[in-house]
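In structure tokens form, the structure reads like this:
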């Protein structure tokens with residue numbers, strides 16, 4: 091039986107975090123896995139929100155600091 095894996099999607103939120111939907115493993119530089127916190131009901135997370143501003147106290151996960159530290163997206167490159 092062939093098991094099909096769900097696609098993982100990463101979407102940057104304007105002036106905010108990266109929204110990761112689907113199966114994901116997050117690894118440290120040394121290759122050890124960072125546990126993904128479960129949902130409030132205890133089931134595995136289907137969406138992970140990752141910090142882009144660098145200010146989260148809970149890196150690599152977003153804690154909403156981008157709202158307080160003035161993080162803005164880099165301007166889109168021009169051709």
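In this note's numbering, the protein residues as written are 91 to 169.
Note that CB positions come from ideal geometry on N, CA and C, so glycine has one too.
The structure displayed is predicted, hence computed values, not measured ones.
Measure from the alpha carbon of residue 100 to the alpha carbon of each residue in 125, 157 and 141, then state which is nearest.
-> Indexing the chain shown from 1 puts residue 100 at position 10. Looking at the Cα atoms, 141 is the closest of the given residues.
Looking at C-beta atoms only, is the number of pairs between the region 102-109 and the region 118-129 that lie closer than 8 Å three or more?
-> no
Counted within 10 angstroms of its Cβ, other Cβ atoms place residue 96 as buried (16 or more) or exposed | To locate residue 96, count along the chain shown from 1; it is residue 6. Exposed, since its Cβ has fewer than 16 Cβ neighbours within 10 Å.
Spell out the partners DSSP gives residue 101 in its beta bridges.
-> Here residue 101 refers to the residue found at position 11 when the chain shown is read from its first residue. DSSP lists 109 as partners of residue 101.
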